[in-house]
Amino acid sequence: MDLGIAGKVALITGASRGLGFAAAKALAAEGCRVAICGRDEVRIVAAATVIDAHPIVADMSTPGGPASAIEAAVAALGPVDILVANAGGPVPGGFLDVSEEDWERAVQQNLMGTIRLIRAAVPSMRERGWGRIITITSRTVREAIDGLVLSNATRAGVAGAVRTLAREVARDGVTVNNLLPGSFATERLLELHGSHDAVIARGMSSPMGRIGDPDEIGSVIAFLAGRQASYVTGTSILVDGGESHVIA
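Letter by letter, the sequence shown follows residues 1355 to 1602 of our numbering.
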């Protein structure tokens, strides 16, 4: 299937590994000119080498990080057509377990970082009459998970922002969608469950009897960026192998 995005400029944040890297790889395979962003210079340069992408070092949790990432992508490749906003998950913990500093860090990284990034990218997309914004959050948006209060709260905030923005820019040819991943084979999953055996057990207990491959997220992102998904906007799409118990 030709998605019609060859030659488009794509910027993916949090892309040195995991779901962000999978998104970048999928878009590069479709012929996009890809820039990937991360905080660790060694990791982001190594990842960029694998998929022939342009590496950008920036911290999305700082006030100036998102704008600097957009500016660097534009300087290297041209105006950003496709923006994939991804960030690592906040620390786990219950409502009374996490500190005020944990809350502030999570808000800056997972909510405000995404909002600032989108605000920096949207004006140019509207002017050119075409754009794709895809955020990667978590299935906690749909179904709160015990022990992940920071994710439950900040990811829901992103979903609300996405839904609002989608309606505001729909007539400008810009779509805005949110992906809600379940359990995928990433370092984040290992961090949450503590061991490879626990991760395997988690997969075995899921409806599909396995955890997801990050490339499966990449494929969904590529589709949402393509012309075939031009009427899909303002949605939060579960990609969780049927884990969630909540009806859409």
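By construction, the Cβ of each residue, glycine as well, lies at the ideal position given by its N, Cα and C atoms.
Between the region 1484-1492 and the region 1526-1539, do at least 3 Cβ pairs fall closer than 8 angstroms?
yes
Of the residues Ala1430, Ala1498 and Asn1506, which one's Cα is nearest the Cα of His1599?
Ala1498
Three or more C-beta pairs under 8 angstroms: does that hold for the region 1498-1508 against the region 1460-1479?
Remark: three or more beta-carbon pairs, one from each stretch, lie closer than 8 angstroms, so the region 1498-1508 and the region 1460-1479 are flagged as touching.
Would you grab the beta carbon distance between Pro1535 and Leu1381 for me? Rounded to a whole angstrom, and I think it's under 8 angstroms.
Wrong, their Cβ atoms sit about 17 angstroms apart, outside the cutoff.
Segment contact flag, the region 1395-1402 with the region 1437-1449, C-beta cutoff 8 angstroms, min 3 pairs
no
Quick check on this structure: which residue in Val1404, Ala1412, Lys1379 and Arg1482 has the alpha carbon closest to the alpha carbon of Arg1393?
Ala1412
Same chain, Cβ closer than 7 angstroms to Val1523, five either side skipped, listed in chain order
Val1476, Arg1480 and Val1530
In this structure, how does DSSP classify Asn1440 when only helix, strand and coil are distinguished?
For Asn1440, the three-state secondary structure derived from DSSP is coil.
Where Ala1369 falls: helix, strand or coil (DSSP):
In the three-state reduction of the DSSP assignment, Ala1369 falls in the coil class, being assigned neither a helical nor a strand state.
Rounded to the nearest angstrom, how far is the Cβ of Ala1686 from that of Gly1580, given a contact under 8 angstroms?
Since the first and last residues shown for the chain are 1355 and 1602, residue 1686 lies out of range.
For Gly1358, collect the residues of the same chain with a Cβ closer than 7 angstroms to its Cβ; drop the 5 residues on either side in sequence, then sort them by chain order.
Gly1580 and Arg1581
So what does Ala1389 bridge to, in DSSP terms?
BP columns for Ala1389 point to Leu1365 and His1408.
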